[in-house]
Amino acid sequence: MKLPSVKSSFLAAIAVAAFLAPSLAPSAEPKILHFAFQGELKSVDPYQINESFSLTVNGAVYEGLIRRGPDLRIEPALATSWEVLDPLHWRFHLRKGVKFHEGQDFTADDVIFSVNRVKGPGSDLKGVVPADAEVVKVDDYTVDFILKTPNPLLINQWDTWGIFSKSWSEAHGATEATAMNATTPPYAGLHANGTGPFILVSHEPGVKTVWKRNPNWWDKPIGNIDEVVFTPIPNAATRVAALLSGEIDWMDPVPLNDQARVNANPGTEVLAGPEVRTIFLGMDQTRDELGHSNVKGKNPFKDVRVRKAFYQAIDEDAINKKVMRGQATPTAVMIAPSLFSLSKDFHRFPFDPEASKKLLAEAGYPDGFEVQLDCPNDRYVNDEQICQAVVGMLARVGVKVDLNAEPKSKFFAAISAAGGYDSSFYLLGWTPSTLESFNVFQYIMGCRDPKTNWGGNNVGGYCNPKVDALARKALDEPDEEKRDEIFAEAWRISLVDDVSYIPLHQQALAWGVSKTTHVIQPPNNSYRFAWVTKD
Numbered sequence: 028m029k030l031p032s033v034k035s036s037f038l039a040a041i042a043v044a045a046f047l048a049p050s051l052a053p054s055a056e057p058k059i060l061h062f063a064f065q066g067e068l069k070s071v072d073p074y075q076i077n078e079s080f081s082l083t084v085n086g087a088v089y090e091g092l093i094r095r096g097p098d099l100r101i102e103p104a105l106a107t108s109w110e111v112l113d114p115l116h117w118r119f120h121l122r123k124g125v126k127f128h129e130g131q132d133f134t135a136d137d138v139i140f141s142v143n144r145v146k147g148p149g150s151d152l153k154g155v156v157p158a159d160a161e162v163v164k165v166d167d168y169t170v171d172f173i174l175k176t177p178n179p180l181l182i183n184q185w186d187t188w189g190i191f192s193k194s195w196s197e198a199h200g201a202t203e204a205t206a207m208n209a210t211t212p213p214y215a216g217l218h219a220n221g222t223g224p225f226i227l228v229s230h231e232p233g234v235k236t237v238w239k240r241n242p243n244w245w246d247k248p249i250g251n252i253d254e255v256v257f258t259p260i261p262n263a264a265t266r267v268a269a270l271l272s273g274e275i276d277w278m279d280p281v282p283l284n285d286q287a288r289v290n291a292n293p294g295t296e297v298l299a300g301p302e303v304r305t306i307f308l309g310m311d312q313t314r315d316e317l318g319h320s321n322v323k324g325k326n327p328f329k330d331v332r333v334r335k336a337f338y339q340a341i342d343e344d345a346i347n348k349k350v351m352r353g354q355a356t357p358t359a360v361m362i363a364p365s366l367f368s369l370s371k372d373f374h375r376f377p378f379d380p381e382a383s384k385k386l387l388a389e390a391g392y393p394d395g396f397e398v399q400l401d402c403p404n405d406r407y408v409n410d411e412q413i414c415q416a417v418v419g420m421l422a423r424v425g426v427k428v429d430l431n432a433e434p435k436s437k438f439f440a441a442i443s444a445a446g447g448y449d450s451s452f453y454l455l456g457w458t459p460s461t462l463e464s465f466n467v468f469q470y471i472m473g474c475r476d477p478k479t480n481w482g483g484n485n486v487g488g489y490c491n492p493k494v495d496a497l498a499r500k501a502l503d504e505p506d507e508e509k510r511d512e513i514f515a516e517a518w519r520i521s522l523v524d525d526v527s528y529i530p531l532h533q534q535a536l537a538w539g540v541s542k543t544t545h546v547i548q549p550p551n552n553s554y555r556f557a558w559v560t561k562d
């Protein structure tokens, strides 16, 4: 199967980084990486939340059957090889001699256990394995996945599906993931036992997390880091000051208005590049009465005219210029252009406040209405500022928006399935872990099915069975070009006809690093500590 392409400039940058990286000569002093992010790492159980930050940071400990290299291509990991015996039968040959951090042998039993755990209650990653797939142990180092329908993309998101130790999980009451809105942290939320390049030393949610290098890792790291210390620093000015003073080596993100200062400082620089994450607005389209609103007895967002009115009231070009300082790419589709070959055929609805007012009046809201906008303030680049701009733009067409901006731990707990999708209007971002369209339809566009987690991150409950049917039809098509043609029809129905979401832009990556710290920056914004080298 042909994998999505990565721009040649990105590959060239990887090659240059590898060439310029210092030699990995042994040093008497341990190499400690100090890393800071604007939000916290709530749990070290990667099944607890389907969020790229948590998944990739926890990837320091937990590994999948496959992984993605610096060029984002799929590589063997805990599986050394695999074969498609027929479209419904995949066989995986597991790596021998691998041990979990606490000494347990890695075998087929752990893979089968992890399949059941990821599909079980509390897991936010149910969709990584088809709900009706049967997993069969052939021997201790061979497992078969028997599918009910063909799935050429089966393994494409398995780099963030980490394998758990069956015996360890059973010994510590961690056989099931705990929903992220749980009030008491579960054992696996505070302790970890994987096979990866780093071993968890301690985890204090919201305070600090420490990992040390795994000396018995089956592979050899690209970098030379002995220990990683992660500290959440929500205040942007404090985060930048810590980088400039040398207190931290790597931060994400660098605020747009501080990038020149970071680059001007002799010891630091900004690593900037395109990101494949799409930032968008969603609306509750499933409840009969809109919550968090002054409208009673009905739901305005069930009317496509209202959804389109909101879309045309928002000036994304102004958001890009004023809020994002020109460092975003406005989009008409819920996926980055580099991941969908026909994205050029789609165009945003024009910004037109007068058309917006007319649509609202036609829908029965000539004076607008009031609604709450839920927004994280520590997850995406300028997330709260984007929401503030949206509030002002909608006010011009008579819609009063009450902004509820809060830390991502509270935000995700409320809007997730575990929180009952408690939002009427929200800002969210999505990076398709498979690097193609099907993932977006599976999680964001699909009619919600709690048994399979289809539509599991579809907070607003948009549902069009025809769109679902097209997405599944595309999955049956092994040819990437033909698959994109099917996806194009699904995108046209969902985004143009139904106005299911309001896509805004793909944000730009902006990491701040010490010039003595050499990191690789892939466009899916993944943090790989094993790829870091310090002078």
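Per the numbering used here: the sequence shown = residues 28 to 562. Ideal Cβ positions, reconstructed from N, Cα and C, are used throughout, including at glycine. A quick note: this is a predicted structure, and the numbers were derived from the prediction, not measured.
In this structure Ile-362 does not touch Leu-60 by the C-beta definition: roughly 32 Å separates them, more than the 8 Å allowed. With distances taken between CA atoms, Gln-184 lies nearest to Pro-459 out of Asn-485, Asp-511, Ile-260, Pro-459. For Trp-558, the CB contacts under 8 Å within the same chain, skipping 5 residues up- and downstream, are Pro-97, Pro-248, Ile-249, Gly-250, Val-546, Ile-547 in chain order. Taking 9 Å as the cut-off, the beta carbon of Gly-86 is found no closer than this to the beta carbon of Trp-245. Counted as a single uninterrupted DSSP element, the stretch harbouring Gln-415 is not any beta strand (DSSP E) but the alpha helix (DSSP H) occupying residues 410-422. By the CB criterion at 9 Å, Arg-288 and Gln-65 fall outside the cutoff. Taking one beta carbon from each stretch, the segment 121-136 and the segment 259-267 have fewer than 3 pairs nearer than 8 Å; the two do not touch. The segment 148-199 is shown to contain whole alpha helix (DSSP H) runs of 4 or more residues at 193-198, in chain order. In this model, Ala-340 and Ala-535 are separated by some 24 Å (Cα to Cα).
9 Å or more divides the Cβ of Arg-144 from the Cβ of Thr-211. Boundaries of the alpha helix (DSSP H) around Tyr-338: 331-340. Look at Leu-112 here: in three-state DSSP terms it is strand. By the neighbour-count criterion, in which a residue is buried when 16 or more other Cβ atoms sit within 10 angstroms of its Cβ, Thr-107 is exposed. In this structure Ile-306 does not touch Leu-82 by the C-beta definition: roughly 18 Å separates them, more than the 8 Å allowed.
Listed as beta-bridge partners of Tyr-453 by DSSP are Gly-309, Asp-401. Apart from the 5 residues on each side of it in sequence, Pro-242 has no Cβ closer than 8 Å to any other Cβ in its chain. Under the 8 Å Cβ criterion, the segment 345-354 does not count as touching the segment 428-439, having fewer than three qualifying pairs. The beta-bridge partner set that DSSP reports for Lys-235 consists of Glu-231. In the DSSP assignment, Trp-538 falls within the beta strand (DSSP E) that extends over 529-541. If you look at Val-88, you'll find it isn't in any alpha helix (DSSP H); DSSP assigns it neither H nor E.
Ala-264 is classed as exposed because its beta carbon has fewer than 16 other beta carbons within 10 Å across all chains shown. When the beta-carbon positions are compared, Ala-445 and Asn-404 stay at least 9 Å from each other. Around the beta-carbon of Arg-423, fewer than 16 other beta-carbon atoms lie within 10 Å, marking it exposed.
A residue is called buried when at least 16 other Cβ atoms come within 10 angstroms of its Cβ; Ala-158 does not meet this threshold and is exposed. The DSSP assignment places 427-433, 452-457 as complete runs of the beta strand (DSSP E) inside the segment 425-482, in order along the chain (cut-off: 3 residues). Residue burial annotation: Glu-78 is buried, with at least 16 other C-beta atoms found within 10 angstroms of its C-beta. Around Phe-373, the same chain offers Ala-359, Val-360 as residues with beta carbons nearer than 6 Å, after the five sequence neighbours per side are excluded.
For the 9 Å CB-CB criterion, Pro-177 and Leu-115 form a contact. Per the DSSP secondary-structure output, Met-278 pairs in a beta bridge with Ala-63, Gly-539. For Arg-266, the enclosing alpha helix (DSSP H) covers residues 263-272. Taking the C-beta atoms as reference points, Ser-541 is found nearer than 9 Å to Gly-294.
Annotation: Gln-354 to Ser-464 spans about 23 Å, alpha carbon to alpha carbon. Distance from Phe-367 to Asp-511 at the Cβ level is roughly 6 Å; contact confirmed, criterion being Cβ atoms closer than 8 Å. When DSSP states are grouped into helix, strand and coil, Thr-134 belongs to the coil group. At the C-beta level, Leu-121 and Val-138 come within 9 Å of one another. Taken through DSSP and simplified to helix, strand or coil, Pro-242 comes out as coil.
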